[in-house]
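In the working numbering, the protein residues as written are 15 to 244.
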């Protein structure tokens with residue numbers, strides 16, 4: 015495990031996980047895996063409109079923050095400004111740093127309640143994401159497309175990243191998918207951003223199979239590449 019290796023080689027180093035596409039889409043065990051901070055956002059697997067950053071920090075990470083000697087460069091993202099607010103809210107006391115987006119917080123609460131207490135269960139939810147991911151990745155492979163991850167054992171369950179075949183670009187595929195009411199995204203990594211595209215499959219897209227979203231994605235993908243190859 016990465017966490018074990020980091021703590022063995024550099025005990026004071028914090029382990030931080032980018033969980034944007036994995037939170038609520040697959041299992042994350044912070045304590046067991048030695049993770050100090052998990053970063054995410056509400057608009058992915060958590061199924062809430064965009065606008066909230068989600069941070070889970072271990073006690074170890076908070077102690078590192080307390081012992082920090084250099085000032086935090088960010089004003090708005092400074093945990094030292096937010097922690098007193100959160101601690102006051104937990105005690106039912108008012109305190110102010112910035113006006114919170116109340117509508118998003120209520121939406122986030124509703125989503126978390128559904129995820130943790132509703133149906134499907136959390137375990138079933140993870141299973142459904144794994145199955146949906148495998149279905150989309152197999153569909154891409156069946157079309158002769160190469161996936162970005164070298165090993166499927168390390169591929170995300172909430173997203174599929176696929177290389178374009180030679181001679182095909184985002185402008186060839188994305189509009190054709192959109193015409194079928196399926197939105198996919200171009201690449202982000204600056205070194206290969208024009209060479210691949212991303213398909214998100216998380217949240218209600220997966221957990222409400224009656225909508226038929228995954229089958230719709232697979233069909234649109236097949237149609238788009240069939241049209242390009244004519």
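Backbone N, C-alpha and C define an ideal beta-carbon position, used for all residues, glycine too. Note that the structure is a prediction, hence the values are computed from the model and not measured.
With 16 other Cβ atoms within 10 Å as the buried cut-off, status of residue i
i: residue 31; result: buried
i: residue 152; result: exposed
i: residue 234; result: buried
i: residue 203; result: exposed
i: residue 210; result: buried
i: residue 226; result: exposed
i: residue 48; result: buried
i: residue 60; result: buried
i: residue 26; result: exposed
i: residue 255; result: Beyond the ends of the chain as shown, which are 15 and 244, falls residue 255; an answer cannot be given.
Coil, strand or helix - residue i by DSSP
i: residue 183; result: coil
i: residue 90; result: coil
i: residue 128; result: helix
i: residue 71; result: strand
i: residue 221; result: helix
i: residue 199; result: strand
i: residue 15; result: coil
i: residue 194; result: coil
i: residue 120; result: helix
i: residue 40; result: coil
i: residue 98; result: helix
i: residue 22; result: helix
Residue range of the unbroken beta strand (DSSP E) whose run includes residue i
i: residue 211; result: 210-214
i: residue 54; result: 51-55
i: residue 156; result: No beta strand (DSSP E) contains residue 156, which is instead part of the alpha helix (DSSP H) from 136-156.
Residues sharing a beta bridge with residue i, DSSP
i: residue 173; result: 214
i: residue 161; result: 176
Endpoints, the alpha helix (DSSP H) within which residue i is located
i: residue 30; result: Element bounds for residue 30: not the alpha helix (DSSP H) but the beta strand (DSSP E), 30-32.
i: residue 258; result: A question about residue 258 goes unanswered here, because the residues of the chain that appear run from 15 up to 244.
i: residue 46; result: 44-47
Check: residue i C-beta below 8 Å from any heavy atom of the ligand ZN
i: residue 164; result: The ligand ZN is not among the ligands present in this structure, which contains no ligands whatsoever.
* Would you check if there are 3 or more beta carbon pairs closer than 8 Å linking the segment 178-186 to the segment 121-131? => The answer is no - the segment 121-131 does not touch the segment 178-186, with fewer than three Cβ pairs under 8 Å.
* For the segment 82-89 and the segment 58-66, state whether three or more C-beta atom pairs, one from each stretch, are separated by less than 8 Å. => no
* Would the segment 207-217 and the segment 156-175 be scored as touching if the rule is three or more Cβ pairs under 8 Å? -> yes
* To do: Count the C-beta pairs between the segment 131-144 and the segment 28-45 that are closer than 8 Å, then say yes if the count reaches three, no if not.
  => yes
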